[in-house]
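Asker: In our numbering, the protein residues as written are 8 to 119. Where is the CB? At the ideal position from N, CA and C, for every residue including glycine. Structure in structure tokens, see below.
Below you can see the structure in the form of structure tokens.
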């Protein structure tokens, strides 16, 4: 297999693509913000998302030992929260307390 074919196949199997549309001029702002931190635009956006999730974990008082098993939490106090684990398992919770309990229970079931 040629190098280009291998790289394309690897990307298709391991990465999802997202098209991000921003107002004219905003791309340069994002690019400069990323460059100021020594990051690519992609790495900068991923870092922002990671920090947003960490903020959500902090708000919900998720234990550090359980955070490594989470892919993310999405939702709000009106609609409830979806907790997405790295293994693909998803639980829906109505309250932050249920989120904490659900994470602890699932981690115990998995023996972690």
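Here's the rule: buried if 16 or more other CB atoms are within 10 angstroms of the residue's CB, otherwise exposed. What is residue 13?
Answerer: Position 6 of the chain shown, counting from 1, holds the residue named residue 13. Exposed, by the Cβ-count rule.
Asker: My understanding is that residue 4 touches residue 76, with C-beta atoms under 8 Å, so please give their C-beta distance in whole angstroms.
Answerer: Limits of the chain in this structure are 8 at one end and 119 at the other, which puts residue 4 out of reach.
Asker: Residue 99 by DSSP, collapsed to three states: which one?
Answerer: In the chain shown, the residue the question calls residue 99 occupies position 92. Residue state, collapsed to three classes: strand.
Asker: Of the choices 46, 53, 34 and 19, whose alpha-carbon is the least far from that of residue 78?
Answerer: The sequence position of residue 78 within the chain shown is 71, counting from 1. Here the closest residue by C-alpha is 53.
Asker: Tell me the rounded alpha-carbon separation between residue 73 and residue 115.
Answerer: Against the chain shown, residue 73 aligns to sequence position 66. Against the chain shown, residue 115 aligns to sequence position 108. Roughly 10 Å between the two C-alpha positions.
Asker: Name the two residues that bound the continuous alpha helix (DSSP H) containing residue 91.
Answerer: Here the question's residue 91 lines up with position 84 in the chain shown. Careful: residue 91 lies outside any alpha helix (DSSP H), inside the beta strand (DSSP E) at 87–92.
Asker: Quick one: is residue 97 buried, meaning 16 or more other Cβ sit within 10 Å of its Cβ, or exposed?
Answerer: Numbered from its first residue, the chain shown carries residue 97 at position 90. Residue 97 comes out exposed.
Asker: Assuming contact is defined by CB atoms lying nearer than 9 Å, are residue 81 and residue 89 in contact in what I supplied?
Answerer: Taking the first residue of the chain shown as 1, we reach residue 81 at position 74. Taking the first residue of the chain shown as 1, we reach residue 89 at position 82. Taking 9 Å as the Cβ cut-off, residue 81 and residue 89 qualify as a contacting pair.
Asker: What's the call for residue 110, buried or exposed, on a 16-neighbour Cβ count within 10 Å?
Answerer: Taking the first residue of the chain shown as 1, we reach residue 110 at position 103. Burial call: buried.
Asker: Please classify residue 69: is it buried, with 16 or more other beta-carbons within 10 angstroms of its beta-carbon, or exposed?
Answerer: Numbered from its first residue, the chain shown carries residue 69 at position 62. That one is buried.
Asker: With DSSP as the reference, label residue 108 as helix, strand or coil.
Answerer: The sequence position of residue 108 within the chain shown is 101, counting from 1. If DSSP states are grouped into helix, strand and coil, residue 108 belongs with the helices.
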